[in-house]
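Data block below; observations after.
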Amino acid sequence: MEIIARFGAAPLPPNDNTLLYAVSGTTHAAKARQTLTAPKCGFFASDFASWDESQQQILKNAEQLTPARIKAISAHFREAAAQAESNRLVKGRKSRTGSKQAYHRSIRTRQRMSLLKKSQPRPLVFQPEKYHREAHSASFGDVSKSRILNQKGRRSCVDKPLVKLQLQARKWSQQYRLQQIVETPPSKAPEANTGERFTEKLSGRAVKTIFESAAYVSACKGGFKTFVTLTFDNARRRRVLDGTEYTDEGLLYSPVSFKRNMAKVSFADGAYCPLCAKPQKPWEVQTTKTTIGAEVSDFINALKKLRLRGFSALVTERDSESGRLYSPLPQVKASVVPDSAEFHYLWVAECPANSEGEPNPHVHLLMDWEMPQALFHAWAARIERLWGNGFAKLERIRKPTAAGSYMIKAVGYAAKGSNANQGLIRGNRYNLAKASRAPAWEVLTTFEAGNMAGIITELGRKLDSWKRPLERHIRRCEKQREQSIKAAAIAKEQRDTLKVNKLLNRIHRLEQTIRDSKAKTKAYGIHASTTNRFSVTFEKNAERRINQFLKWAAGARGWSMTTLYDDIDFDDIRQQARAHYQRDYDQFLEKQAYWEAIKNEPLWPETPHPKELEHLTAQAWHLYEKAAVFYH
Numbered sequence: 001m002e003i004i005a006r007f008g009a010a011p012l013p014p015n016d017n018t019l020l021y022a023v024s025g026t027t028h029a030a031k032a033r034q035t036l037t038a039p040k041c042g043f044f045a046s047d048f049a050s051w052d053e054s055q056q057q058i059l060k061n062a063e064q065l066t067p068a069r070i071k072a073i074s075a076h077f078r079e080a081a082a083q084a085e086s087n088r089l090v091k092g093r094k095s096r097t098g099s100k101q102a103y104h105r106s107i108r109t110r111q112r113m114s115l116l117k118k119s120q121p122r123p124l125v126f127q128p129e130k131y132h133r134e135a136h137s138a139s140f141g142d143v144s145k146s147r148i149l150n151q152k153g154r155r156s157c158v159d160k161p162l163v164k165l166q167l168q169a170r171k172w173s174q175q176y177r178l179q180q181i182v183e184t185p186p187s188k189a190p191e192a193n194t195g196e197r198f199t200e201k202l203s204g205r206a207v208k209t210i211f212e213s214a215a216y217v218s219a220c221k222g223g224f225k226t227f228v229t230l231t232f233d234n235a236r237r238r239r240v241l242d243g244t245e246y247t248d249e250g251l252l253y254s255p256v257s258f259k260r261n262m263a264k265v266s267f268a269d270g271a272y273c274p275l276c277a278k279p280q281k282p283w284e285v286q287t288t289k290t291t292i293g294a295e296v297s298d299f300i301n302a303l304k305k306l307r308l309r310g311f312s313a314l315v316t317e318r319d320s321e322s323g324r325l326y327s328p329l330p331q332v333k334a335s336v337v338p339d340s341a342e343f344h345y346l347w348v349a350e351c352p353a354n355s356e357g358e359p360n361p362h363v364h365l366l367m368d369w370e371m372p373q374a375l376f377h378a379w380a381a382r383i384e385r386l387w388g389n390g391f392a393k394l395e396r397i398r399k400p401t402a403a404g405s406y407m408i409k410a411v412g413y414a415a416k417g418s419n420a421n422q423g424l425i426r427g428n429r430y431n432l433a434k435a436s437r438a439p440a441w442e443v444l445t446t447f448e449a450g451n452m453a454g455i456i457t458e459l460g461r462k463l464d465s466w467k468r469p470l471e472r473h474i475r476r477c478e479k480q481r482e483q484s485i486k487a488a489a490i491a492k493e494q495r496d497t498l499k500v501n502k503l504l505n506r507i508h509r510l511e512q513t514i515r516d517s518k519a520k521t522k523a524y525g526i527h528a529s530t531t532n533r534f535s536v537t538f539e540k541n542a543e544r545r546i547n548q549f550l551k552w553a554a555g556a557r558g559w560s561m562t563t564l565y566d567d568i569d570f571d572d573i574r575q576q577a578r579a580h581y582q583r584d585y586d587q588f589l590e591k592q593a594y595w596e597a598i599k600n601e602p603l604w605p606e607t608p609h610p611k612e613l614e615h616l617t618a619q620a621w622h623l624y625e626k627a628a629v630f631y632h
């Protein structure tokens, strides 16, 4: 091997004996003589030493000169670009069109940067408004605490309690609430909504949102002042239902329009469209089919602009004898002052069947815009022209600041829920202004849940027992009212005025009784039920009541009163509560032990009486004789 290693650098080629000696260990001598045809040239006679040294020197020089060359070339390019900018004849855009790959690469980069910007959360310390809405309601001191994370850089599931109890408050309504929260793992997240949305009625959450919004606007924003009913004519009704129209001959057809598809490309250096970004379909066919939500949204936008800009109208008066409206002479023209305040509105759509069985879509709208009596007729006509899809009936709400009476009646009429057939609707069924939405509950602190669900269930059972006689009385009065309404309709057809007046007075008395009974059920100021064992709400001196309830739960029912994520210590309050309710807690433990003993008792088999056995045997034999008649 040493001889072969010296062949590459030898100045003279080796002789035949040396080659045969070198390869004799692996190949036979006769075969080696036949294979080595030119030992005096080629690899054995080449001088690689000088050539290798020259190549290494060239590489070394190139490595040393590369930085200097790059610097010189960059300076040359900058100088050439500056001269080209000053000497150019055509002033065009400076950006390069690039290839298709570069275009798609830029699109992907822009999308990733937008996602990265959204995924960079600010610390809770700098977001006080978000601090109370966090799932764990972490305190400012807890945010900066260090913790051990898992391999993915996240908190372990063991550190997160599955069930928690949150103490929540709502300032605008002066209410406090205890709410149990369940941590849902990300793997069990609900599926995303896709496709068109069809609904047949308002959901329970929608009805709750509507009532809370009405109460919030009534308590803090002056209340809704006008109730509007929007209807659709035949042509607009067809467009909402199936997107068809009638021809002059009375035939149905589906009108369409064509929309030009444009590439969604935006560059700072100038507007241009690369050929690789050309849409697959240059034109898109659009139908006239629309939704109730889209029509109402356009109407609301026009109504906002009308209120913001103001308008002028003729003053109208009503004749005292005939009751008709007229414009006095000379005509008086008044101007409505522009109003830039927040516009509060709430609308609910319905689509019940009319007398002929056809869908009858219409919308109920509550808004806080009102108008004096002299301009009300002109204002209503202006709003009806803005609607443009049919009639618009406006009614003045008598008591806008009251939380009951007409306000609750109007919202209750718009939010019938499952008590009426609201019809099938495509798209949004209701909507409200952002400023009209009731603020969310504010989380004050978070406790360990413990046995709070059982405590709330016990409270709800006691309240249900107290409300049950009042609810029976309400149902009885409602049934009598329905019967009186039917009797009044029959008497009206018979033109019996005296009987109609008596029945109307009876209906008013029953309605007043129902309102008084419902007010009694709400007068206690605590809302809990056996059907919902995870929430209890306090109002009317809510702060004092919830403090008493928490002390009673900790002292009389053994609730832990231990906070999570907060440094607040309630040991002294817990000790005082247990000392105060020690007797109640002992009775509670005795009842628990009693029912636990009953539950653990073995079940003894029941031995029936001999006479009872004879009776059962006789019945079985009698049935057998009856069946034998059919089979034999």
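All letters in the sequence shown, in the order written, are residues 1 to 632 by the UniProt record's numbering.
Backbone N, C-alpha and C define an ideal beta-carbon position, used for all residues, glycine too.
Item, Value
"Name the DSSP beta bridge partners of ALA313, please?", "ALA334"
"Taking 9 Å as the cut-off, decide whether the C-beta atoms of GLY450 and THR562 are in contact.", "yes"
"Would you mind stating whether ARG237 and ASN360 have Cβ atoms separated by less than 9 Å?", "yes"
"Using beta-carbon positions only, say whether HIS422 and GLU200 come within less than 9 Å of one another.", "Correcting the residue identity first, residue 422 is Gln in this sequence and not His. Yes, the Cβ-Cβ distance between GLN422 and GLU200 is below 9 Å."
"Could you compute how far the alpha carbon of ALA579 sits from the alpha carbon of THR445?", "24 Å"
"Less than 9 Å separating the beta-carbons of THR316 and PHE376?", "yes"
"Pick from LYS304, PHE227 and GLU245: whose alpha carbon is nearest that of ASN234?", "GLU245"
"Where does ALA353 sit, in a helix, a strand or coil, going by DSSP?", "strand"
"Within 10 Å of its beta-carbon, does ASP586 have 16 or more other beta-carbons around it, so buried, or fewer, so exposed?", "exposed"
"Going along the chain, which unbroken runs of the alpha helix (DSSP H) with 4 or more residues stay wholly within the segment 498-582?", "542-556 and 571-580"
"Cutting at 8 Å between CB atoms, please list the residues of its own chain near TRP441, excluding the five before and the five after it.", "GLN168, ALA169, ARG170, ARG177 and GLN179"
"Sort out for me which residues DSSP pairs MET367 with in a bridge.", "THR226 and TYR345"
"Looking at ALA294 and the ligand GTP, is the gap between the Cβ and the nearest heavy atom below 8 Å?", "Here there are no bound small molecules, and the ligand GTP is not part of this structure."
"So LEU365 and VAL228 are in contact, right, with Cβ under 8 Å, and what is the actual spacing, rounded?", "4 Å"
"If I measure Cβ to Cβ from residue 641 and keep anything under 6 Å in the same chain, skipping five residues before and after, which residues do I get?", "This structure leaves residue 641 out entirely; the chain is present only between 1 and 632."
"Helix, strand or coil, according to DSSP, for residue 640 in the structure here?", "Here the chain covers residues 1 to 632 and nothing more, so residue 640 does not appear."
"Please list the terminal residues of the continuous alpha helix (DSSP H) segment that includes LEU329.", "That residue, LEU329, is in no alpha helix (DSSP H); it is neither H nor E in DSSP."
"In the DSSP assignment, find the unbroken alpha helix (DSSP H) run with ARG429 in it and report its ends.", "Premise fails: ARG429 is in no alpha helix (DSSP H) and is neither H nor E."
"Quick check on the burial criterion: 16 or more other C-beta atoms within 10 angstroms. Buried or exposed for CYS220?", "exposed"
"Can you list, in chain order, the residues of its chain whose CB lies under 6 Å from that of LYS467, leaving out five sequence neighbours each side?", "THR521"
"Can you tell which of HIS508, VAL285 and THR537 has its C-alpha closest to the C-alpha of LYS259?", "VAL285"
"Under the rule that 16 or more other beta-carbon atoms within 10 Å means buried, what is LYS591, buried or exposed?", "exposed"
"Which residues does DSSP list as the beta-bridge partners of GLU245?", "TYR253"
"Could you please give the first and the last residue of the uninterrupted beta strand (DSSP E) stretch that includes TRP283?", "283-287"
"Where DSSP assigns a beta bridge to VAL163, which residues make up the other side?", "VAL182"
"Following the continuous alpha helix (DSSP H) through ALA435, name the residue where it begins and the one where it ends.", "Here ALA435 belongs to no alpha helix (DSSP H), and DSSP marks it neither H nor E."
"Output needed for VAL256: all residues of its chain with C-beta closer than 8 Å, excluding positions within five of it in sequence on either side, in chain order.", "VAL285, GLN286, THR287 and THR288"
"So, is GLU350 buried or exposed, given that buried needs 16 or more other C-beta atoms within 10 angstroms?", "buried"
"Is the beta carbon of VAL363 sitting closer than 9 Å to the one on LEU230?", "yes"
"Indicate the three-state DSSP secondary structure (helix, strand or coil) for PRO359 in the structure shown.", "strand"
"Would you mind sorting MET262 into buried or exposed? The rule is 16 or more other CB atoms within 10 Å of its CB.", "exposed"
"GLU249: buried (16+ other C-beta within 10 angstroms of its C-beta) or exposed?", "exposed"
"Helix, strand or coil: which one does DSSP assign to MET407?", "Unreliable placement is indicated for MET407, whose pLDDT of 45 sits below 50; no coordinate value is reported for it."
"By Cβ distance below 7 Å, which residues in the same chain neighbour ALA528 in space, the five residues on each side in sequence not counted?", "ILE456, LEU459, GLY460, LEU463 and VAL536"
"If you draw a straight line from the C-alpha of SER327 to the C-alpha of LEU314, how long is it?", "7 Å"
"To the nearest angstrom, how far is the alpha carbon of THR194 from that of THR291?", "17 Å"
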